[in-house]
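Enquirer:
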Amino acid sequence: FLEGYDWPGNLRELENEIVRMLIFSQDTILGPELISRHILQAAPGETRPDQPVDTVLTATGTLKERVEQIEMRILRETLTRLKWNKSRAAAELGLSRVGLRAKIERYAIAEPGRAHHSEED
4 FLEGYDWPGN
14 LRELENEIVR
24 MLIFSQDTIL
34 GPELISRHIL
44 QAAPGETRPD
54 QPVDTVLTAT
64 GTLKERVEQI
74 EMRILRETLT
84 RLKWNKSRAA
94 AELGLSRVGL
104 RAKIERYAIA
114 EPGRAHHSEE
124 D
């Protein structure tokens, strides 16, 4: 569901949707029944209401901590998929390169096989 949606608002729209889902959730696992109708209707492909969303949260922590956990995962997955090209990752996530770099530092996300991140990409 979430991967099939275009996310015209980029990271901010995704973050808002996840926060909304967390607010309405009674559990630590977010299910498709919590996804906004407009996202379900716009997402292509076959979907089933019983199909789990690939977003599992820890049972503890504040809303802010849970959102940060999701944000960190999105950053890691995006950077990995784009082979740590920070310019492309920032553009895809709707961030400036400086903003992306700040989030990488904030969450201490390290590029595999490197002691520190290069600035040339």
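For any residue, its number in the numbering used here is found by taking its place in the sequence shown, counting from 1, and adding 3. C-beta: ideal position from N, C-alpha, C; glycine also.
Rounded C-beta distance between Leu78 and Ile107? I'm assuming under 8 Å.
Expert: 7 Å between Cβ atoms; contact.
Enquirer: Within this structure, are the beta carbons of Lys89 and Arg100 separated by less than 8 Å?
Expert: In this structure, Arg100 lies closer than 8 Å to Lys89 by Cβ.
Enquirer: Buried or exposed for Arg69, going by 16 or more other Cβ atoms inside 10 Å?
Expert: Counting Cβ neighbours within 10 Å, Arg69 comes out buried, since at least 16 surround it.
Enquirer: Which word fits Ile26, buried or exposed, when buried means at least 16 other C-beta atoms lie within 10 angstroms of its C-beta?
Expert: So Ile26 counts as exposed.
Enquirer: DSSP three-state label for Leu25, please.
Expert: Reduced to three states, the DSSP call for Leu25 is helix.
Enquirer: Under 8 Å Cβ to Cβ from Asp30, same chain only, skipping five residues before and after it: list those, please.
Expert: Nothing listed; no residue qualifies.
Enquirer: Just confirm the distance between the C-beta atoms of Ala113 and Leu103, as a whole number of angstroms; I'd bet it's less than 8 Å.
Expert: Contact flag wrong, Cβ pair sits at about 14 Å.
Enquirer: On a Cα-Cα basis, can you pick out the residue from Gly64, Thr65, Ile32 and Glu71 that is closest to Leu17?
Expert: Taking only the C-alpha atoms, the option nearest Leu17 is Glu71.
Enquirer: What residue range does the alpha helix (DSSP H) around Ser90 cover?
Expert: Counting along the chain, the alpha helix (DSSP H) containing Ser90 begins and ends at Lys89 to Leu96.
Enquirer: Output the distance between the C-alpha atoms of Glu20 and Leu98, rounded to the nearest integer angstrom.
Expert: When rounded, the distance between both Cα atoms is 18 Å.
Enquirer: Just reading off the alpha helix (DSSP H) that Glu71 is part of, what are its end residues?
Expert: Taken as a continuous stretch (DSSP letters only), the alpha helix (DSSP H) holding Glu71 covers Leu66 to Arg84.
Enquirer: Counting C-beta neighbours from all protein chains within 10 Å, is the total for Ile1 16 or more, i.e. buried, or is it exposed?
Expert: Since the first and last residues shown for the chain are 4 and 124, residue 1 lies out of range.
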